[in-house]
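Counted from 1, the sequence shown has number 6 at position 6 by my numbering; the numbering is strictly sequential.
The beta-carbon is built from N, C-alpha and C at its ideal position, and this holds for glycine as well.
Written out below as structure tokens is the structure these notes cover.
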Amino acid sequence: MSSTNTIDARDELILEGQAVPGAWVTVSFNGDPDDTDVFHLVLPADAKALGDTCSVECPLGKALVAAHIGETRRYVTESGRSMAITVLAVDRVNPKETAGR
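Below you can see the structure in the form of structure tokens.
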């Protein structure tokens, strides 16, 4: 499979509302519509210590992988706290950067 086909397949999953590496995922925490954040779901090599990236290897990232819009999943933080996240949106680009265009 060529890299073009891989990119197309990933984009298709994102357009279908599935969180995959490379997607920008908007979530709410513990059912609170006012407690939301946007993460760029990335492979470990692309994760940054600061910023809005979320590695697929961290607890939140593991919970997000393959989640669909509207789906709620649970995960345990590194400090042992149980959290619920609901996927609100899955985008190919950062929605914070495209807002207001």
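Label G61 either buried or exposed according to how many other C-beta atoms from any shown protein chain fall within 10 Å of its C-beta, with 16 as the threshold for buried. buried
Quick check: what's the CA-CA separation for I85 versus K48? 21 angstroms
Contacts around A89, its chain only, beta-carbon distance under 7 angstroms, and the 5 residues preceding and following it disregarded: The answer, listed in chain order, is T26, I69, P95.
Kindly indicate which residue of R92, T98, A99, E97 has the alpha-carbon position closest to the one of D8. R92
Applying the criterion that 16 or more other CB atoms from any shown protein chain within 10 Å of the CB defines a buried residue, is M1 buried or exposed? Confidence in M1 is poor, its pLDDT being 49 and thus under 50, which makes the residue's placement unreliable; the coordinate value appears in the next sentence. M1 is exposed by the Cβ-count criterion.
Going residue by residue through the segment 16 to 91, where are the continuous alpha helix (DSSP H) segments of at least 4 residues, counting only ones entirely within it? 59 to 64
For A19 and A67, which I take to be in contact (beta-carbon distance under 8 angstroms), what is that distance rounded to the nearest angstrom? 5 angstroms
Apart from the five residues on each side of it in sequence, which residues of its chain come closer than 7 angstroms, Cβ to Cβ, to D52? V38, F39, H40
Is A99 helix, strand or coil by DSSP? coil
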